[in-house]
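Novice: Just so you know, the protein sequences line up as chains G and X, in that order.
The end of the first sequence is residue 367 by the working numbering, with every number in the run present.
The end of the second sequence is residue 872 by the working numbering, with every number in the run present.
We put the beta carbon where it would ideally sit given N, CA and C, even for glycine.
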Amino acid sequence: MPPSQTQSLGEDHASIADVVGIKEQTVLQSMLTSQAFWVSVALLVLVVFMSWLQPSFGTADNITNITRNFAPIAIMGLGMTVVLITGGIDLSVGSVMGLVAIVAGLLLTWHQPWYVAFGAGLLAGLACGAFNGFFVAYVGMPSFVVTLGMLSIARSLAVVLSGNQMLYQFGPDAPIVKAIGQAKWPLRAPAGWAPHWMPEFSSHFWVMVVLALAVGFVFIFTAWARHLFAIGGNENAARMTGVPVDRIKFQAYVFCAFTASIASLLLLGYSGSAINAMGTGYELRVIAGTVIGGASLMGGYGTAFGAVIGSAFLEVIRNALLMAGIDSNWQGAFVGGFIILAVLLGMQTSGRSLKALLGGMFALKGR
Amino acid sequence: MNIRPGAGHSAPGRFPVMQATTSSLISLGGVEKAFGAVRALSGVSLDVAAGTCVGLVGHNGAGKSTLMNILAGTLQPSAGRLGVAGEDVSAGYGVATANRLGVRCVFQELSLCPNLSVAENARILHPSLKGLGWRRRAAALIGGKLDAIFPGHDIEPGQIVGDLSIARRQMVEIARAFSATDRNVRLVILDEPTSSLDGVLAAQLLSFVRGFVAEGGTVILISHLLAEILNTSDRIVVMRDGGIVADRPASGFSRASLVESMGSVAREMDARHARTGGGAAERRVSATAKRQPEAAPLIAGRGEIVGLAGLGGHGQTDMLVRIFEGARMRTAGVTVEGRTAIVAGDRQTDGVFPLWSIGENATIASLGRMLRGMLIDPDAESRMAAEWKERIGIRTPDMRNPILSLSGGNQQKVLFARALGSDADIILMDDPMRGVDIGTKQEVYSIIRREADAGRTFLWYTTEMDELKHCDRVYVFRNGGIVAELSGDEITEDRVLHSSFEPAA
Numbered sequence: 001m002p003p004s005q006t007q008s009l010g011e012d013h014a015s016i017a018d019v020v021g022i023k024e025q026t027v028l029q030s031m032l033t034s035q036a037f038w039v040s041v042a043l044l045v046l047v048v049f050m051s052w053l054q055p056s057f058g059t060a061d062n063i064t065n066i067t068r069n070f071a072p073i074a075i076m077g078l079g080m081t082v083v084l085i086t087g088g089i090d091l092s093v094g095s096v097m098g099l100v101a102i103v104a105g106l107l108l109t110w111h112q113p114w115y116v117a118f119g120a121g122l123l124a125g126l127a128c129g130a131f132n133g134f135f136v137a138y139v140g141m142p143s144f145v146v147t148l149g150m151l152s153i154a155r156s157l158a159v160v161l162s163g164n165q166m167l168y169q170f171g172p173d174a175p176i177v178k179a180i181g182q183a184k185w186p187l188r189a190p191a192g193w194a195p196h197w198m199p200e201f202s203s204h205f206w207v208m209v210v211l212a213l214a215v216g217f218v219f220i221f222t223a224w225a226r227h228l229f230a231i232g233g234n235e236n237a238a239r240m241t242g243v244p245v246d247r248i249k250f251q252a253y254v255f256c257a258f259t260a261s262i263a264s265l266l267l268l269g270y271s272g273s274a275i276n277a278m279g280t281g282y283e284l285r286v287i288a289g290t291v292i293g294g295a296s297l298m299g300g301y302g303t304a305f306g307a308v309i310g311s312a313f314l315e316v317i318r319n320a321l322l323m324a325g326i327d328s329n330w331q332g333a334f335v336g337g338f339i340i341l342a343v344l345l346g347m348q349t350s351g352r353s354l355k356a357l358l359g360g361m362f363a364l365k366g367r
Numbered sequence: 368m369n370i371r372p373g374a375g376h377s378a379p380g381r382f383p384v385m386q387a388t389t390s391s392l393i394s395l396g397g398v399e400k401a402f403g404a405v406r407a408l409s410g411v412s413l414d415v416a417a418g419t420c421v422g423l424v425g426h427n428g429a430g431k432s433t434l435m436n437i438l439a440g441t442l443q444p445s446a447g448r449l450g451v452a453g454e455d456v457s458a459g460y461g462v463a464t465a466n467r468l469g470v471r472c473v474f475q476e477l478s479l480c481p482n483l484s485v486a487e488n489a490r491i492l493h494p495s496l497k498g499l500g501w502r503r504r505a506a507a508l509i510g511g512k513l514d515a516i517f518p519g520h521d522i523e524p525g526q527i528v529g530d531l532s533i534a535r536r537q538m539v540e541i542a543r544a545f546s547a548t549d550r551n552v553r554l555v556i557l558d559e560p561t562s563s564l565d566g567v568l569a570a571q572l573l574s575f576v577r578g579f580v581a582e583g584g585t586v587i588l589i590s591h592l593l594a595e596i597l598n599t600s601d602r603i604v605v606m607r608d609g610g611i612v613a614d615r616p617a618s619g620f621s622r623a624s625l626v627e628s629m630g631s632v633a634r635e636m637d638a639r640h641a642r643t644g645g646g647a648a649e650r651r652v653s654a655t656a657k658r659q660p661e662a663a664p665l666i667a668g669r670g671e672i673v674g675l676a677g678l679g680g681h682g683q684t685d686m687l688v689r690i691f692e693g694a695r696m697r698t699a700g701v702t703v704e705g706r707t708a709i710v711a712g713d714r715q716t717d718g719v720f721p722l723w724s725i726g727e728n729a730t731i732a733s734l735g736r737m738l739r740g741m742l743i744d745p746d747a748e749s750r751m752a753a754e755w756k757e758r759i760g761i762r763t764p765d766m767r768n769p770i771l772s773l774s775g776g777n778q779q780k781v782l783f784a785r786a787l788g789s790d791a792d793i794i795l796m797d798d799p800m801r802g803v804d805i806g807t808k809q810e811v812y813s814i815i816r817r818e819a820d821a822g823r824t825f826l827w828y829t830t831e832m833d834e835l836k837h838c839d840r841v842y843v844f845r846n847g848g849i850v851a852e853l854s855g856d857e858i859t860e861d862r863v864l865h866s867s868f869e870p871a872a
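1. Are any of the Cβ atoms in chain G nearer than 8 Å to that of X:Pro365?
2. Report the neighbours of X:Met741 on chain G: residues whose CB is nearer than 7 Å to its CB, in chain order.
3. Please name the residue or residues paired with X:Asp414 in a DSSP beta bridge.
4. Would you mind stating whether X:Trp755 and X:Gly712 have Cβ atoms separated by less than 8 Å?
5. In angstroms with no decimal places, state the Cα-to-Cα distance between X:Ile393 and X:Leu513.
6. Identify, in the order they occur along the chain, each residue of the same chain with its Cβ nearer than 6 Å to the Cβ of G:Ala274, setting aside the five sequence neighbours on each side.
7. For G:Tyr270 versus G:Gly181, is the C-beta spacing smaller than 8 Å?
8. Our contact map puts X:Leu434 next to X:Leu408 with C-beta atoms below 8 Å; I'd like the distance itself, whole angstroms only.
9. Could you check which residue in G:Gly192, G:Gly133, G:Leu161 and G:Ser51 has the C-alpha nearest to that of G:Val245?
10. So, with DSSP's three-state summary, where would you put X:Leu588?
11. Between X:Gly584, X:Leu795, X:Ile794 and X:Asp798, which lies nearest to X:Thr419 when the distance is taken from Cα to Cα?
12. Counting only the same chain and skipping the five closest in sequence on each side, list residues whose C-beta sits under 8 Å from that of G:Gly163.
13. Hey, does X:Gly775 have any beta-carbon neighbour from chain G nearer than 8 Å?
14. On a CA-only basis, which of G:Ile326, G:Val343 and G:Phe334 is nearest G:Gln54? Give me that one, please.
15. Is the CB of X:Ile731 under 8 Å away from at least one CB in chain G?
16. Taking C-alpha atoms, which residue in G:Gly299, G:Gly77, G:Thr109 and G:Ile287 lies nearest to G:Arg255?
17. Do you know offhand how far X:Gly668's Cα is from X:Glu818's?
18. Using a Cβ-Cβ distance under 8 Å, would G:Gly336 count as near chain X?
19. Can you say whether X:Phe517 is buried or exposed, counting buried as having 16 or more other CB atoms within 10 angstroms of its CB?
20. Our contact map puts X:Thr698 next to X:Glu692 with C-beta atoms below 8 Å; I'd like the distance itself, whole angstroms only.
21. Going along the region 753-766 of chain X in order, which residues come within less than 7 Å of chain G, judged by CB to CB distance?
22. Ordered along the chain, which non-local residues of its own chain (more than five positions away) have a Cβ less than 7 Å from that of X:Asn551?
23. Between the C-alpha atoms of X:Trp723 and G:Gly232, what's the straight-line distance to the nearest angstrom?
24. If I follow the unbroken alpha helix (DSSP H) through G:Val207, where does it start and stop?
25. Just to confirm before moving on: does the CB-CB distance between X:Glu523 and X:Leu477 stay below 8 Å?
26. Is there at least one Cβ from chain X nearer than 8 Å to G:Ala307's Cβ?
27. If we ignore side chains and look at the alpha-carbon of each, how far apart do G:Phe57 and G:Gly279 end up?
28. Which class does X:Thr599 belong to by DSSP, given the choice of helix, strand or coil?
29. Comparing C-alpha positions only, which one of G:Leu344, G:Ala333 and G:Ala320 sits nearest to G:Val48?
30. Contact check, G:Ala260 vs G:Thr86 under 8 Å by CB: the rounded distance?
31. So which of X:Ala581, X:Ala623 and X:Gly447 has the shortest CA-CA distance to X:Phe868?
32. Mind listing, in chain order, the continuous alpha helix (DSSP H) runs of no fewer than 4 residues lying wholly within the region 427-484 of chain X?
33. Taking 6 Å as the limit between beta carbons, can you name the residues of its chain near X:Asp856, skipping five residues before and five after?
34. To which residues of the same chain is G:Gly192 closer than 6 Å at the C-beta, ignoring the five residues directly before and after it?
35. By the criterion of Cβ-Cβ separation under 8 Å, what are the contact partners of G:Met240 in chain X?
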């Protein structure tokens, strides 16, 4: 047989194998290559193990606690994911929380209605986001620098506006504000219908659920999101394809600040007071949660589910360490270790196999 | 890594003894280089004697730069023999060996570190400038060389390279290449050295080159300015399609014979389609080059394929981007009637979304047509993907596979599908066939012709002469402006080449 013929036969054969192989992969791949999936598995294992080890972990009350604790982080994680997808980062979310809480808190102490206070807080947050978005998208500055600046500016404004005082005398609408932040559903007997084993999920949790569903829906089905992902995947190509890159980047930072504002108002209501230090250091928890959930710091990839599951994972670890009676000072070490581990596993799923990674390590050792 | 034992920073006495029997400084035998399926060099043999200046000319993609990169050690040949100064260095030749043997190269893309000073950049090439006061000695070295080559220059050795103009950076780069410490200079390769220098500086450089050669040095000079080549070189080598097609003393060439030997003299002409309408067609694009706002604009009408020709980087891509932007916002000198889409030539940086599937890459420019309310209709999207898989022959079992699973040529087809499948009336193509195999090219050519006949307008920048034959009209670019407009049978390699080079001095 002439060599050319052999070759073409070989190619035909290979292409058939490819078809079969790839068809099989697409079903499994979408699950197995997703970092969020593996984090969910790890979360499930952790929850089952902790419930067995420490009966008080699995109680309805503790689950109410955990879900309320991570919900604000996950809400901000959704906004952060949008920014990360463009290839940017937003370091200012924690400080924006502080500013929003103080602006809303001030108006409440001036006896304004709760919706005016919340509206003003939201506007302050959106203004911060617009500032970030303008300098990143239209001026072309690095997002790290702009939002690092905003981290400092917003916190400073919060301190100045509050006169460095805690604000808690909220006037006539104080009960409404508290109700918003402390509401639960479903309620257990005697106040409600829910059985005793069911957790009473906080308003924070439900806001997170609604926002996550909305963001997930937008990510999957809208042209806006396709453009958003295009920017992170290849900004030059996106421009050349006619994607309105600058406008969408701007919107991403405004949305991120919006989520920080929502989280801030929920926490304001929950505590019934506004302190200018609210959200200090939260930017790192938010980024850690989204990255554990699989969002790429290089841009172009991230999911709503990942933002939620990553934040949940961090909180469950924190809670589990407390429940297991481990010195709380160890938390940082565990959380840090899991950030690195999650991203290492993420590298495996996105092309480089773990085997190759380990091979690389051994090669380094051998030198 | 490529340094042989004992050769690294050894004293001159440990150099291998030079063979006095050969007078060739450089001796290449059957050098081949392939990038994937593309053969950049197909068996080049070249001897360069010490004390000569060799001019190297050829059209874009002829293989000049690849050959010089191999000499400089930045590329490894796929096959062939490489000898420098009588030493066979075929195995393990690299930049370090090249430096040790005194081979220096001034590349087209400048290779200075912009964050360091002029003197510090000189130090990088000369490890022997060390110990206390190295900065002063490096400054003296580079300053002296600058004085020798470009008398009257006003570059301070302490200046940061990033603060210098492009011309001055070029001057520093050239001076550094000619500087010698314990590391001698034997061969300097100058790749388009005068491209950013004005006439006075260029003349200074070329007279220095003559002097350097007279003292026994060797220079390989690449230039698209044929007068420079003819006046400076002792000998001229012409490359075409990865091989040497002419190699004679410079006195044996005239400007005309040089141009002729660069192009293919005997080639079959495609039968040109009979064009209907011609210039009378409905006008869609009118754009002047930024550098010459007063000159006649580039015009393109409905159903026309208009070529942008000339040497690479002479303003063709800028023109395409100008038209692309002109369709979106008011731009002086540009009027565009209709929607535009670009087919990027540099797939990796300007075209492909690497994380996406083939289908998503093809449909991104057409999402507006597939909306139901605010949402993308997934059926419409997969229909478009399937349609273009058929129409343009994308070789994949499933358009949901990742784009990176495709070969380069097929990725390029996806980019064509993206542009052709959009609702754009005007398709801008930025040398889109780079690295695409001949079969794919033929398929795409026929699609372009079909689409043009259906009324679309194509603006096609290409550096390949054969592709210009598919154009109805061609604008030749030089130095950021349009210097010639050719149509129909006027589009010949000779005409394009003659217009691409400066008028004979």
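Specialist: Looking at the atomic coordinates:
1. Any question about residue 365 of chain X goes unanswered here, given that chain X covers just 368 to 872.
2. What X:Met741 touches in chain G: Thr222.
3. Looking at the DSSP output, X:Asp414 bridges to X:Ser394.
4. It is not a contact, given that the beta carbons lie outside the stated cut-off.
5. Near 27 Å, if we compare the C-alpha coordinates of X:Leu513 and X:Ile393.
6. Cβ neighbours of G:Ala274 within its own chain (closer than 6 Å, five residues either side excluded): Ala101, Ile102, Gly105, Leu167 and Leu268.
7. Yes.
8. Right, their Cβ atoms sit about 6 Å apart.
9. Nearest to G:Val245 by C-alpha distance, out of G:Gly192, G:Gly133, G:Leu161 and G:Ser51, is G:Gly133.
10. In the three-state DSSP reduction, X:Leu588 falls in the strand class (E or B).
11. Out of X:Gly584, X:Leu795, X:Ile794 and X:Asp798, X:Gly584 has the C-alpha closest to the C-alpha of X:Thr419.
12. Taken in chain order, the list of residues that qualify is empty.
13. Residue contact check for X:Gly775 against chain G: no CB pair falls below 8 Å.
14. For G:Gln54, the closest alpha carbon among the candidates G:Ile326, G:Val343 and G:Phe334 is that of G:Ile326.
15. X:Ile731 counts as touching chain G.
16. As written in the sequence, residue 255 of chain G is Phe, which differs from the Arg given in the question. Cα-wise, what sits closest to G:Phe255 is G:Gly77.
17. Each residue's Cα considered, the two are about 14 Å apart.
18. With 8 Å as the cut-off, G:Gly336 does not count as an interface residue toward chain X.
19. When all chains shown are included, X:Phe517 counts as buried.
20. About 6 Å separates the CB atoms of X:Thr698 and X:Glu692; that is less than 8 Å, so the two are in contact.
21. Sequence-ordered contacts of the region 753-766 of chain X with chain G read Pro764 and Asp765 [C-beta pairs closer than 7 Å].
22. These residues qualify, in order along the chain: Gly469.
23. Distance between the alpha carbons of X:Trp723 and G:Gly232 is about 11 Å.
24. Boundaries of the alpha helix (DSSP H) harbouring G:Val207: Ser203 to Phe221, taken from the DSSP string.
25. No.
26. Answer no: the Cβ-Cβ gap between G:Ala307 and chain X never drops below 8 Å.
27. If you take the alpha carbons of G:Phe57 and G:Gly279, they lie about 26 Å apart.
28. Here X:Thr599 carries a helix assignment [DSSP, helix/strand/coil].
29. Closest by alpha carbon: G:Ala320.
30. Taking a contact as a CB-CB distance under 8 Å, the pair G:Ala260 and G:Thr86 does not count as one, their CB atoms being some 17 Å apart.
31. Considering only alpha carbons, the answer is X:Ala623.
32. If we require 4 residues or more, the alpha helix (DSSP H) runs fully inside the region 427-484 of chain X come out as 431-439 and 462-467.
33. In the same chain as X:Asp856, and ignoring 5 residues on each side of it, no C-beta atom comes closer than 6 Å to its own.
34. Here G:Gly192 has Pro186 as same chain residues with Cβ atoms under 6 Å from its own Cβ, once five neighbours each way along the sequence are excluded.
35. Listed along chain X are Phe691, Ile709, Ala711, Asp717 and Gly718, each with a C-beta nearer than 8 Å to that of G:Met240.
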